[in-house]
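Colleague:
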Amino acid sequence: HHLVCHASPEILILGCGRHIQPISPELHKFIQSTGMKLEAVDSRNAASTYNILNEEGRPVAAALLPCGVTS
8 HHLVCHASPE ILILGCGRHI QPISPELHKF IQSTGMKLEA VDSRNAASTY
58 NILNEEGRPV AAALLPCGVT S
């Protein structure tokens, strides 16, 4: 089996855990340099947004931190 990616994601949804966290300017700049938009929200909303955009057939990616993680 081979994984084939036909389109680059147009948006990366970053789930920051239970609460929205500030995104470093370096990360934001790097993501933009790939051509993607970056949306940083709490992980619960990130999962919902990902599912909606995916159901619409839009090229989307998500990186989600667990809601229960504390530092």
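Just so you know, we're using the working numbering here: the sequence shown kicks off at 8 and counts up by one.
Cβ coordinates follow ideal geometry from the N, Cα and C atoms, glycine included.
Quick caveat: nothing in here was measured; it's all calculated off a predicted structure.
#1: Is the beta carbon of alanine 54 sitting closer than 8 Å to the one on glycine 75?
#2: What are the start and end residues of the alpha helix (DSSP H) that includes isoleucine 38?
#3: Just the C-alpha distance for lysine 44 and asparagine 52, rounded to the nearest angstrom, thanks.
#4: Go through its chain and collect everything with a Cβ distance to arginine 65's Cβ below 7 Å, but skip five positions before and after it.
#5: Confirm, please, whether the CB-CB distance from isoleucine 30 to alanine 47 is below 8 Å.
Modeller: This is what the structure holds:
#1: no
#2: 32-40
#3: 17 Å
#4: Glu17
#5: yes
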